[in-house]
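Residue numbers (this note's numbering): 1083 to 1140. Only one structure is covered here, and it is reproduced in the block below.
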Ligand SMILES: [Zn+2]
């Protein structure tokens, strides 16, 4: 059974795929990171760490 990765639209195996419905860990983490980032923005509190602040792109 082949499924289409919702992140990059590549077709990948469903069975034996630990990252399903994504094609790879990378696509899974991108999707996961997307909603974590959204959640993070909502509850974000500024820190005094300038380096950390600069690494965040809004
Ligand atoms: Zn993918």
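Using N, Cα and C, we set each Cβ at its ideal position, and we do this for glycine too.
query: Which residue from 1098, 1116, 1115 and 1109 puts its Cα closest to that of residue 1088?
result: Numbered from 1 along the chain shown, position 6 holds the residue referred to as residue 1088. Among 1098, 1116, 1115 and 1109, the Cα nearest to that of residue 1088 is on 1109.
task: Grab me the residues of residue 1090's own chain with a C-beta within less than 7 angstroms of its C-beta, minus the 5 sequence neighbours each way, in chain order.
output: Position 8 of the chain shown, counting from 1, holds the residue named residue 1090. Here residue 1090 has 1105 and 1109 as same chain residues with Cβ atoms under 7 angstroms from its own Cβ, once five neighbours each way along the sequence are excluded.
task: Locate the beta strand (DSSP E) running through residue 1093, then write down its first and last residues.
output: As a position in the chain shown, residue 1093 is number 11, starting the count at 1. Note, residue 1093: beta strand (DSSP E), 1093 to 1095.
- prompt: Excluding five sequence neighbours on each side, which residues of the same chain lie with their C-beta closer than 6 angstroms to the C-beta of residue 1092?
  reply: Taking the chain shown and counting its residues from 1, one reaches residue 1092 at position 10. Excluding residues within five positions, the ones whose Cβ falls inside 6 angstroms are 1105.
task: State yes or no: is the C-beta of residue 1092 nearer than 6 angstroms to some heavy atom of ligand 1?
output: Residue numbering aside, residue 1092 sits at position 10 when the chain shown is read from its first letter. Under cutoff, so the answer is yes.
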